[in-house]
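Numbering (our numbering), first residue to last: 290 to 561.
These notes are about the structure you will find just below.
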């Protein structure tokens with residue numbers, strides 16, 4: 290290509306012969322991980338418009354949400370994934386883990402791009418982990434396949450057991466990792482994220498690290514990355530874990546009282 294044509298191309302990149310000078314597309318995904326506290330902020334007021342504003346302000350392409358309600362009494366009969374979809378223009382996917390309070394409770398994904406597949410897998414444990422009053426909350430992982438502009442992306446969004454020790458979380462994490470490893474073996478890109486209720490030095494996170502999953506925060510975050518509670522965080526329990534073909538370029542915890550957790554946003558570079 291002549292110097293003259295190169296000069297012309299900077300002014301009119303659509304001309305024949307100029308395609309080779311166009312910048313390569315930015316092969317990156319911005320992911321928001323956020324426990325939205327069943328649609329209530331830290332003062333127990335409705336937070337869906339504030340959550341939507343965070344999704345938009347961060348430039349998120351995909352949002353992994355935990356503690357999400359559909360048509361419960363405490364939500365005022367609101368379908369929270371649909372409401373957030375209306376507020377953001379994103380595509381919603383919901384995975385029910387529990388029938389609750391006259392409606393449904395679970396985890397959700399919002400995606401800027403088309404979703405080609407989704408299903409919820411149960412993370413079963415033995416014995417059943419009872420709560421106060423004899424209640425029982427089964428855990429799950431929402432598998433969503435997203436058609437990004439640069440190829441398929443598998444998202445595994447979860448919310449693990451909050452108990453004081455790791456015995457149930459380890460069972461749940463083992464099942465989750467087996468599913469993730471099966472997807473990773475296909476050669477496609479897989480992200481695991483959500484509220485894992487486990488600190489970075491826990492057996493749960495060691496399980497993933499030992500299997501080759503990368504804690505995105507450790508790759509690019511500054512500081513300790515603590516997310517809970519919102520006002521004076523002492524725990525880093527909200528994660529994004531990466532398989533092969535991806536690396537973290539930027540990560541940030543956002544200071545906000547829009548939930549009882551702080552959201553964390555990741556910019557992930559895709560190498561394939």
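We treat Cβ as the ideally placed atom computed from N, Cα and C, and that holds for glycine.
Bear in mind the structure is a predicted one, so any value in this text is a computation, not a measurement.
Closest to residue i by CA distance: which of the options is it?
| i | options | result |
| --- | --- | --- |
| residue 555 | 493, 483 and 331 | 483 |
| residue 388 | 375, 399 and 362 | 362 |
| residue 415 | 531, 464, 528 and 517 | 464 |
| residue 381 | 542, 543, 357 and 551 | 357 |
| residue 540 | 534, 552, 532 and 401 | 552 |
| residue 500 | 373, 486, 481 and 542 | 481 |
| residue 542 | 490, 517 and 372 | 517 |
| residue 425 | 436, 441, 457 and 398 | 457 |
| residue 410 | 428, 393 and 533 | 428 |
| residue 507 | 316, 530, 413 and 444 | 530 |
| residue 327 | 378, 503 and 394 | 394 |
| residue 453 | 488, 469, 471 and 479 | 488 |
| residue 486 | 504, 400 and 449 | 449 |
| residue 287 | 461, 446 and 398 | Nothing about residue 287 can be read from this structure; the chain reaches only from 290 to 561. |
| residue 451 | 419, 477 and 509 | 419 |
| residue 455 | 438, 490 and 471 | 490 |
| residue 386 | 438, 447, 401 and 535 | 447 |
| residue 504 | 525, 521, 375 and 392 | 525 |
| residue 438 | 374, 402, 502 and 536 | 402 |
| residue 521 | 544, 512, 510 and 502 | 544 |
| residue 502 | 535, 390, 510 and 412 | 535 |
Give me, in chain order, the residues of the same chain whose beta-carbon lies closer than 7 angstroms to that of residue i; leave out the 5 immediate sequence neighbours on both sides.
| i | result |
| --- | --- |
| residue 330 | 336, 339, 546, 547 and 548 |
| residue 466 | 496, 497 and 500 |
| residue 368 | 359 and 360 |
| residue 373 | 337, 340, 341, 381 and 399 |
| residue 509 | 537, 538, 539 and 540 |
Helix or strand or just coil, what does DSSP make of residue i?
| i | result |
| --- | --- |
| residue 377 | helix |
| residue 443 | strand |
| residue 320 | strand |
| residue 548 | coil |
| residue 397 | strand |
| residue 495 | helix |
| residue 355 | strand |
| residue 558 | strand |
| residue 511 | coil |
| residue 500 | coil |
| residue 505 | helix |
| residue 315 | coil |
| residue 532 | coil |
| residue 387 | strand |
| residue 523 | coil |
| residue 543 | coil |
Might you give, ordered along the chain, the residues of its own chain that have their beta carbon closer than 8 angstroms to the beta carbon of residue i, omitting 5 neighbours on each side?
| i | result |
| --- | --- |
| residue 459 | 492, 493 and 496 |
| residue 317 | 538, 556, 557, 558 and 559 |
| residue 323 | 340, 343, 352, 353, 354, 355, 527, 548, 550, 552 and 553 |
| residue 473 | 479, 532 and 533 |
| residue 404 | 380, 382, 398, 433, 434, 435 and 436 |
| residue 392 | 358, 359, 360, 361, 362, 364 and 366 |
| residue 332 | 546 |
| residue 514 | 506, 525, 540, 542 and 553 |
| residue 523 | 515 and 517 |
Tell me which residues share the same chain as residue i and place their Cβ nearer than 6 angstroms to its Cβ, disregarding the 5 neighbours each side in the sequence.
| i | result |
| --- | --- |
| residue 407 | 382 and 433 |
| residue 313 | Annotation note: pLDDT 47 at residue 313 (below 50); position unreliable, coordinate value reported separately. Closer than 6 angstroms at the Cβ level, and outside the excluded window around residue 313, lies no residue. |
To the nearest whole angstrom, what separates the beta carbons of residue i and residue j, a pair I think is in contact under 8 angstroms?
| i | j | result |
| --- | --- | --- |
| residue 377 | residue 436 | With 8 angstroms as the limit, residue 377 and residue 436 do not qualify as a contact, their Cβ atoms being about 18 angstroms apart. |
| residue 469 | residue 445 | 6 angstroms |
| residue 397 | residue 370 | 5 angstroms |
| residue 346 | residue 320 | Rounded, the Cβ-Cβ distance is 15 angstroms, inconsistent with contact. |
Item to check | Sequence ranges, beta strand (DSSP E) only - wholly within the stretch 402-487, length at least 3 | outcome: 404-412, 428-437, 440-448 and 478-484
Checklist entry - Considering only residues of the stretch 325-372, which uninterrupted alpha helix (DSSP H) runs meet the minimum length of 4 residues and lie entirely inside it, listed in chain order? => result 337-346
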